[in-house]
Amino acid sequence: MIKTDFTDSEVERYARHIILKDVGIEGQLKLLNSKVLIVGAGGLGSPAALYLAAAGVGTIGVADGDVVDLSNLQRQIIHSTKDIGILKTKSAKQKMQELNPDIKIITYDTYLNASNILDIVKDYDFVIDGADNFATKFLINDACVLANKAFSHGGILRFIAQTMTIVPNVSACYACVFDSPPPVDSVPTCSSAGVLGSIAGVLGSIQATEAIKYITGVGNLLTDKLLIADLASMDFDKIKFKKNPQCRVCGENGIKHLSGYEQRTCEA
Amino acid sequence: MSKIIKDFRGIKCPINFAKTKLVLASLEDGDILELFIDDGSAIKNLPGSVEKEGHKILSREEQGDGSWCITIEK
């Protein structure tokens with residue numbers, strides 16, 4: 230059912246959006262009628278899920294096959310100590326629903342792969358990549374290109390965060406910039422190199438902001454640009470990219486169907 | 450052209466402005482909204498915010514009880 234009006238409690242809950250020029254009544258109604266999928270209820274997915282729930286995104290999907298571990302809690306702030314051992318999707322849904330009981334949360338208690346991702350992604354307007362491994366990041370890119378869904382890529386390591394927004398067929402995709410996953414063990418992972426927990430909050434919040442901007446049409450998206458933030462030096466740099474006409478995924482002879490990538494997990 | 454009256458006394462900032470925006474959105478250009486609001490931050494902030502949205506404040510009258518009635522033209 231498409232919402233065209235607000236209840237009294239919605240006016241109060243979303244007052245600061247409603248009074249905000251450029252978001253306003255129309256923007257808040259767009260948010261209430263929108264659907265965002267969050268892949269990974271971890272470091273990036275936690276703040277993204279909380280801010281999107283708070284913003285009143287009407288339907289939020291959360292996909293993760295993992296359970297909460299004590300070592301996650303340093304950065305995965307949607308989960309609490311009492312949640313250790315339960316599914317991350319269940320823990321996340323509970324917090325999001327407590328924050329905003331008016332929205333719908335759909336959980337997928339599974340890791341996404343080449344055979345299930347398209348069927349899930351097709352129901353959403355925007356996807357947030359909060360995955361902890363390159364295989365899933367490239368898979369999200371490929372699925373979003375095929376399904377023509379905009380998404381926010383995000384990655385964190387040590388003190389560094391990087392993100393870009395992809396609008397398929399319009400802007401450069403993840404493979405235009407990185408082509409394919411790096412060789413196994415050529416790149417350190419969060420579990421081998423560590424990550425400052427709070428940078429997950431910075432980046433996940435930026436990703437949520439991109440989702441909100443895409444839905445409401447506010448501002449300029451991080452398309453054709455890779456934002457690299459070094460939180461140790463507080464240097465924020467944007468590197469410009471162009472869509473590659475020969476891109477393996479979105480180019481003229483790009484992919485027509487999905488195939489998986491070699492999986493290598495990292496506790497992001 | 451029509452005129453409607455709303456009483457947003459007792460509703461704190463910025464909820465009163467959010468409600469005012471919603472009422473104004475439902476009106477036609479040229480319609481008049483007579484709005485009762487509180488003294489203090491409401492009368493200090495709300496008329497300016499309404500003007501920034503492109504509407505006209507035709508009058509502001511202090512009521513005997515300390516509240517205000519502002520007349521807005523969309």
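Line by line, the protein sequences give chains A and B.
Each residue of the first sequence is one higher than the one before, starting from 230 at the first, in the working numbering.
Each residue of the second sequence is one higher than the one before, starting from 450 at the first, in the working numbering.
Just so you know, even glycine gets a beta-carbon here, dropped at the ideal spot from N, CA and C.
It should be emphasised that the depicted structure is a prediction, and the values quoted were computed from it without experimental measurement.
| message | Please identify, using Cβ separations under 9 Å, the residues of the region 239-269 of chain A that lie next to chain B, in order along the chain. | response | Val240, Glu241, Tyr243, Ala244, Arg245, His246, Ile247, Ile248, Lys250, Gly253, Ile254 and Glu255
| task | Answer yes or no: the CB of Leu258(A) versus the heavy atoms of the ligand NAP, is any distance below 8 Å? | result | Of ligands this structure carries none, so the ligand NAP is not represented either.
| request: Count the C-beta pairs between the region 235-244 of chain A and the region 393-403 of chain A that are closer than 8 Å, then say yes if the count reaches three, no if not. | output: no
| field | Residues that Phe466(B) contacts on chain A, provided the C-beta gap is smaller than 7 Å | value | Ile248
| query | What span of residues does the alpha helix (DSSP H) with Val350(A) cover, start to end? | reply | Ile346 to Val350
| query | When you compare only the Cα positions, how much space is there between Arg245(A) and Leu347(A)? | reply | 35 Å
| request: Using three-state DSSP, classify Asp456(B) as helix, strand or coil. | output: strand
| message | Considering just the uninterrupted stretch of the alpha helix (DSSP H) at Tyr340(A), what are its terminal residues? | response | Looking at the DSSP string, Tyr340(A) is not in any alpha helix (DSSP H), and its letter there is neither H nor E.
| message | Tell me which residues share the same chain as Ala497(A) and place their Cβ nearer than 6 Å to its Cβ, disregarding the 5 neighbours each side in the sequence. | response | Note that Ala497(A) has pLDDT 46, beneath the 50 cutoff, so the model's placement of it is unreliable and the number below is only indicative. Counting only Cβ-Cβ distances below 6 Å, and skipping sequence neighbours, we find Gly271, Gly272, Asp361 and Cys419.
| task | For chain B, find out if any of its Cβ atoms is closer than 9 Å to the Cβ of Phe235(A); answer yes or no. | result | yes
| message | With DSSP as the reference, identify every bridge partner of Asp358(A), one or two as the case may be. | response | Val268(A)
| query | In chain order, what residues of the same chain have a beta carbon less than 7 Å from the beta carbon of Asp352(A), not counting five sequence neighbours either side? | reply | Lys264
| Once you ignore the five residues that flank Asp312(A) on each side, which residues in its own chain have a CB closer than 6 Å to its CB? | Val297 and Ser320
| query | In whole angstroms, what separates the C-alpha of Gln475(A) from that of His382(A)? | reply | 21 Å
| task | Provide the residue span of the alpha helix (DSSP H) that contains Asp464(A), from first to last. | result | That residue, Asp464(A), is in no alpha helix (DSSP H); its beta strand (DSSP E) goes Asp464 to Lys469.
| request: Give the residues of chain A in contact with Ala474(B), contact being defined as C-beta atoms less than 9 Å apart. | output: Gly253, Ile254 and Glu255
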